[in-house]
Amino acid sequence: MLHVVDWNGVSRILANMNSSLGVNCKDHPVLMTEAALTSRPQRYKLAQLLFEESQHPAVLFANQGLLSLYASGTTTGVVVDIGDGVTQTCPTFEGYTIRDAVRRIDFGGRDVTEYLRSLLRQYGMFFDTSAEVDIVRLIKEQRCQVASSAKEVSAKVIKHKLPDGSEISLGNELSQATEVLFNPALTGREHGGVSAIAAESIRLTDIDLRREIFQNVVLAGGSTLATNFPSRFLQELTKTTPKDCKVRIVAPAERLNTCWIGGSFLSQLSTFKQMLVKKSEYQEEGENVVHARLFC
Numbered sequence: 231m232l233h234v235v236d237w238n239g240v241s242r243i244l245a246n247m248n249s250s251l252g253v254n255c256k257d258h259p260v261l262m263t264e265a266a267l268t269s270r271p272q273r274y275k276l277a278q279l280l281f282e283e284s285q286h287p288a289v290l291f292a293n294q295g296l297l298s299l300y301a302s303g304t305t306t307g308v309v310v311d312i313g314d315g316v317t318q319t320c321p322t323f324e325g326y327t328i329r330d331a332v333r334r335i336d337f338g339g340r341d342v343t344e345y346l347r348s349l350l351r352q353y354g355m356f357f358d359t360s361a362e363v364d365i366v367r368l369i370k371e372q373r374c375q376v377a378s379s380a381k382e383v384s385a386k387v388i389k390h391k392l393p394d395g396s397e398i399s400l401g402n403e404l405s406q407a408t409e410v411l412f413n414p415a416l417t418g419r420e421h422g423g424v425s426a427i428a429a430e431s432i433r434l435t436d437i438d439l440r441r442e443i444f445q446n447v448v449l450a451g452g453s454t455l456a457t458n459f460p461s462r463f464l465q466e467l468t469k470t471t472p473k474d475c476k477v478r479i480v481a482p483a484e485r486l487n488t489c490w491i492g493g494s495f496l497s498q499l500s501t502f503k504q505m506l507v508k509k510s511e512y513q514e515e516g517e518n519v520v521h522a523r524l525f526c
């Protein structure tokens with residue numbers, strides 16, 4: 231969950247979702263995933279909508295990174311989740327999130343799309359309307375790849391057909407665009423790249439846990455699906471680790487949906503009902519119970 235500014239919009243999305251599913255919300259508890267370090271006011275406002283407008287009988291908020299780790303079949307490691315608008319790292323030991331080592335930045339695939347758009351503009355190709363920006367996003371998803379190093383320049387030129395039937399030629403901008411994930415300074419950002427953020431997150435864990443966590447670095451999120459991303463990420467992360475420390479990258483084929491998969495595993499546990507915050511508890515105890523009973 232990103233920082234929400236239009237709660238009326240969220241309300242409409244929830245109403246449309248429930249209508250499309252054709253379910254009576256009063257009969258269905260809901261598991262809501264959230265990004266690392268989501269603020270208490272944001273979480274509570276969403277809980278209000280789920281309980282008071284949608285009328286769900288029970289709610290549980292769960293950390294996206296922890297769910298992705300569960301989907302990978304382990305309870306110790308670090309999830310590096312690079313979504314459209316948020317990149318987050320979630321180090322976990324035996325099922326417990328090491329909260330002081332969690333890192334989150336509002337940066338991700340959307341920034342790759344915007345950087346690709348600026349590169350195309352340099353070649354006289356302008357994509358300015360929201361529909362045209364969506365075309366750039368599709369080009370990113372279908373064509374972009376990650377260079378093996380920052381110095382590599384792809385000389386291969388390909389033809390890409392646009393929705394109107396016209397064709398454009400694309401070359402090194404396809405690998406230049408994804409470089410922003412490893413070097414955000416290309417867009418004026420001052421924070422480190424995704425591998426640097428992951429390394430920092432692991433270094434903030436107890437020294438006795440680091441070796442085990444480094445051996446289970448789980449990638450998640452659509453932005454990690456770019457061709458060659460896992461190998462480049464491993465290369466960059468290894469640069470920051472001790473030479474005698476083994477780094478292992480886990481890149482599930484279904485990593486676009488590992489958060490959902492982990493949530494489905496969680497909801498099938500025999501203890502899931504005990505984790506939920508019931509509407510009656512929310513009405514009696516208010517905001518505190520929402521924050522006290524999290525899966526994180």
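Numbering (our numbering), first residue to last: 231 to 526. Just so it is clear, CB atoms sit at the ideal spot from N, CA and C, and this is done for glycine as well.
Using 8 Å for Cβ pairs, my map puts residue i next to residue j. What's the rounded Cβ distance?
i, j, result
"residue 308", "residue 321", "4 Å"
"residue 525", "residue 476", "Actually they do not touch by this definition, with Cβ atoms about 30 Å apart."
"residue 318", "residue 334", "4 Å"
"residue 460", "residue 481", "4 Å"
"residue 453", "residue 312", "4 Å"
"residue 306", "residue 324", "6 Å"
"residue 467", "residue 447", "7 Å"
"residue 432", "residue 419", "With a Cβ gap of about 21 Å, residue 432 and residue 419 do not count as contacting."
Counting only the same chain and skipping the five closest in sequence on each side, list residues whose C-beta sits under 7 Å from that of residue i.
i, result
"residue 273", "264, 291, 520, 521"
"residue 336", "315, 316"
"residue 396", "none"
"residue 370", "342, 343, 346, 407"
"residue 266", "293, 295, 318, 320, 332, 334"
"residue 491", "301, 484"
"residue 304", "446"
"residue 517", "274"
Identify, in the order they occur along the chain, each residue of the same chain with its Cβ nearer than 6 Å to the Cβ of residue i, setting aside the five sequence neighbours on each side.
i, result
"residue 270", "521"
"residue 489", "263, 294, 297, 298"
"residue 422", "none"
"residue 413", "423"
"residue 478", "445"
"residue 472", "none"
"residue 450", "298, 309, 311, 485, 488"
"residue 388", "400"
Can you find a heavy atom of the ligand GTP that lies under 7 Å from the Cβ of residue i?
i, result
"residue 450", "This structure simply doesn't include the ligand GTP, nor any ligand for that matter."
Taking C-beta to C-beta, are residue i and residue j nearer than 8 Å?
i, j, result
"residue 390", "residue 373", "yes"
"residue 410", "residue 341", "yes"
"residue 495", "residue 326", "no"
"residue 361", "residue 434", "no"
"residue 379", "residue 458", "no"
"residue 405", "residue 376", "yes"
"residue 346", "residue 415", "no"
"residue 403", "residue 350", "yes"
"residue 259", "residue 499", "no"
"residue 356", "residue 365", "no"
"residue 464", "residue 485", "no"
"residue 288", "residue 509", "yes"
"residue 386", "residue 401", "yes"
"residue 280", "residue 241", "no"
Would you mind reading off the limits of the beta strand (DSSP E) that contains residue i?
i, result
"residue 264", "260–264"
"residue 447", "447–450"
For residue i, which residues of its own chain have a beta-carbon under 8 Å away from its beta-carbon, when the five flanking residues on both sides are left out?
i, result
"residue 255", "248, 284, 285, 286"
"residue 493", "261, 263, 292, 297"
"residue 237", "275, 279"
"residue 353", "403"
"residue 512", "277, 281, 289, 519, 520"
"residue 392", "365, 398"
Which residue comes first and which comes last in the alpha helix (DSSP H) that contains residue i?
i, result
"residue 432", "424–433"
"residue 239", "237–251"
"residue 518", "517–522"
"residue 504", "502–505"
"residue 443", "440–444"
Looking at the C-beta of residue i, does it have a partner C-beta in chain C at a distance below 8 Å?
i, result
"residue 421", "Reference to chain C is not applicable here, since this structure consists of a single protein chain."
**OP:** May I have a chain-ordered list of the beta strand (DSSP E) segments no shorter than 3 residues that lie completely inside the region 279–362?
**Re:** Restricting attention to beta strand (DSSP E) runs no shorter than 3 residues, the region 279–362 encloses them at 288–293, 307–312, 317–323, 333–335, ordered along the chain.
**OP:** Taking only runs that begin and end inside the region 373–421, name each unbroken beta strand (DSSP E) of 3 or more residues, in chain order.
**Re:** Along the region 373–421, the beta strand (DSSP E) occurs as fully enclosed runs of 3 or more residues at 388–391, 397–400, listed in sequence order.
Subject >> Within the region 456–494, ranges of the alpha helix (DSSP H) (whole runs, at least 4 residues) >> reply: Runs found: 459–468.
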